[in-house]
Amino acid sequence: MDFNLVVLAGDGVGPECVNETIKVLDAVGKKYGHKFSYNHRLVGGAAIDGEGVAVSKETIELCKKADAVLLGAVGGPKWDDPLAKVRPEDGLLELRKSLGLFANLRPVHVHPVLEDSTNLKPEVIKGVDFIFVRELTGGLYFGQPKRRWKTETGRKAVDSMLYVEQEIERIVRVGFELAKRRKKKLISVDKANVLESSRLWRTVAVEVSKDYPDIELEHMLVDACSMRIIQNPKYLDVLVTENTFGDILTDEASMLAGSMGMLPSASIAGVPQTGVKIFGLYEPIHGSAPRHTGQNDINPIATILSAAMMLRYSLALEKEADVIDKAVEDALREGYRTYDIMSEGKKKLGTKEMGDVIAGKVGS
Ligand code: IPM
Ligand code: MG
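63 is the number of the first residue of the sequence shown in our numbering; add one for each residue after it.
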């Protein structure tokens, strides 16, 4: 089959991670007779420099026509002025919003062979496998008013954690649907003891739960959740939460997997269902890591695993997705490591070499 992908490599280490991912996708294509065509476009700082905007209208239109979008990372010190009119991150936010990518799936899977190489005790993280469903197009990131202004008594700024019930309903539904296929338990994370938007969130979650009598719904406060992630992560299975809460908690959760360089994500425009293609944008949860740019040392696995999620959710290539997941698992089992997950006695590889190993395994 032929698939038309838009590739937004972005800034910093984004292009390096994307190059290795394309290598892996091409190996999949060769083995299974698919043709992936890549339409490379600018996003983030690269687009600000090249096109004067963080993402162009034309790029967004091309994304809408594509089967899926693969993204590297955006941002960097060059564009970090707090007073700048346009920021690289705006490109990502605009893509998420204008492509309707309201559900961000962030699986946290501890690879068995990395259980001993994280900052946590192996007995705490052994077998950890949960998934965050982060609301991605509302909440504190997008709510209005959102502005900064001067008053006689000083400068002020506001962001608003705003939700309409339909936004809560559809994201909670994604959580329930995933829970249905896993341990039949959904944790809804909020701050209902303080925030009005969280109280609406909780009310709607309870209402939606009536459609899922077989799924147990638990409410967890976000501060308690951040503690639970470290204290007993095996307790967690499917979690659904507000945009900013999800942003913060998933960086924290990535440490269970050993490194941010291990965690993929899928931003999708609907409820995932086996065999049904949903449009989506796929990117690692990590950023552009400016200090690692051009060093050939960054871990490309998060981006490669994001491509596996793309095959699974947007292209309905389940078997091919499994092959990528397994190639990563095998590479790790055979002792191949990038610097971020390196431990004694293992074989340290650069970005390109790790890409070669994984692509080689996919192809064999
Ligand atoms: C993420 C990132 C983005 C976010 C940034 C780059 C805008 O941190 O995908 O988690 O905050 O959503
Ligand atoms: Mg983040």
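Heads up, the beta-carbon is just placed ideally off N, CA and C, and yes, glycines get one too.
8 angstroms contact criterion, which Gly137 and Gly349 should meet: CB distance rounded = In the sequence shown, counting from the first residue as 1, residue 137 sits at position 75. In the sequence shown, counting from the first residue as 1, residue 349 sits at position 287. About 6 angstroms separates the two Cβ atoms, so the contact holds.
Note down the Cα distance separating Leu377 from Ile386, rounded to an integer number of angstroms.
-> Indexing the sequence shown from 1 puts residue 377 at position 315. Indexing the sequence shown from 1 puts residue 386 at position 324. Cα to Cα, the separation comes out at about 14 angstroms.
Runs of beta strand (DSSP E) lying entirely within the segment 187-265, each at least 3 residues, in chain order = 191-197, 201-213, 216-224 and 247-252
Considering Thr303, what are the terminal residues of the beta strand (DSSP E) in which it resides?
-> Looking up residue 303 in the sequence shown gives position 241. Unbroken beta strand (DSSP E) run through Thr303: Val300 to Thr303.
From which residue to which residue does the alpha helix (DSSP H) around Gly153 run?
-> Position 91 of the sequence shown holds residue 153. Taken as a continuous stretch (DSSP letters only), the alpha helix (DSSP H) holding Gly153 covers Pro150 to Ser160.
Would you call the segment 303-317 and the segment 278-288 in contact, with 3 or more CB pairs under 8 angstroms?
-> yes
Distance, Cα to Cα, Arg353 vs Lys159?
-> Numbered from its first residue, the sequence shown carries residue 353 at position 291. Numbered from its first residue, the sequence shown carries residue 159 at position 97. Arg353 and Lys159: Cα-Cα distance of roughly 29 angstroms.
Say whether the segment 148-168 touches the segment 267-277, bearing in mind that this needs 3 or more beta-carbon pairs closer than 8 angstroms, one atom from each stretch.
-> no
Mind checking whether Val390 and Leu411 have CB atoms under 8 angstroms apart?
-> Walking along the sequence shown from the start, residue 390 turns up at place 328. Walking along the sequence shown from the start, residue 411 turns up at place 349. No; because the gap between Cβ atoms is not below 8 angstroms, this pair is not in contact.
Using the beta-carbon count (16 or more within 10 Å), is Trp211 buried or exposed?
-> Counting from one through the sequence shown, the residue named residue 211 turns up at place 149. Counting Cβ neighbours within 10 Å, Trp211 comes out exposed, since fewer than 16 surround it.
Cβ of Ile84 within 7 angstroms of any heavy atom in ligand 2?
-> One-based indexing of the sequence shown puts residue 84 at position 22. No, the Cβ of Ile84 stays beyond 7 angstroms of every heavy atom of ligand 2.
When you compare each of Leu155, Glu120, Ile347 and Leu161 to Asp313 by their alpha carbons, which one comes out closest?
-> For the purposes of this step, residue 313 is taken as residue 251 along the sequence shown, with counting starting at 1. Nearest option by C-alpha distance: Ile347.
Kindly examine ligand 1 and report whether one of its heavy atoms sits closer than 7 angstroms to the Cβ of Gly137.
-> As a working note, residue 137 is residue 75 in the sequence shown. Yes - ligand 1 has a heavy atom lying nearer than 7 angstroms to the Cβ of Gly137.
Residue from Ala370, Ala319 and Gly189 with nearest C-alpha to Ala328 | Counted from its first residue, the sequence shown places residue 328 at position 266. Closest by alpha carbon: Ala370.
Can you grab the Cα-Cα spacing for the pair Trp141 / Thr121, in whole Å?
-> As a position in the sequence shown, residue 141 is number 79, starting the count at 1. As a position in the sequence shown, residue 121 is number 59, starting the count at 1. Their Cα atoms are separated by approximately 20 angstroms.
Using a threshold of 7 angstroms, is the CB atom of Asp73 nearer than that to any non-hydrogen atom of ligand 2?
-> The sequence position of residue 73 within the sequence shown is 11, counting from 1. Checking every heavy atom of ligand 2 against the Cβ of Asp73, none is found closer than 7 angstroms.
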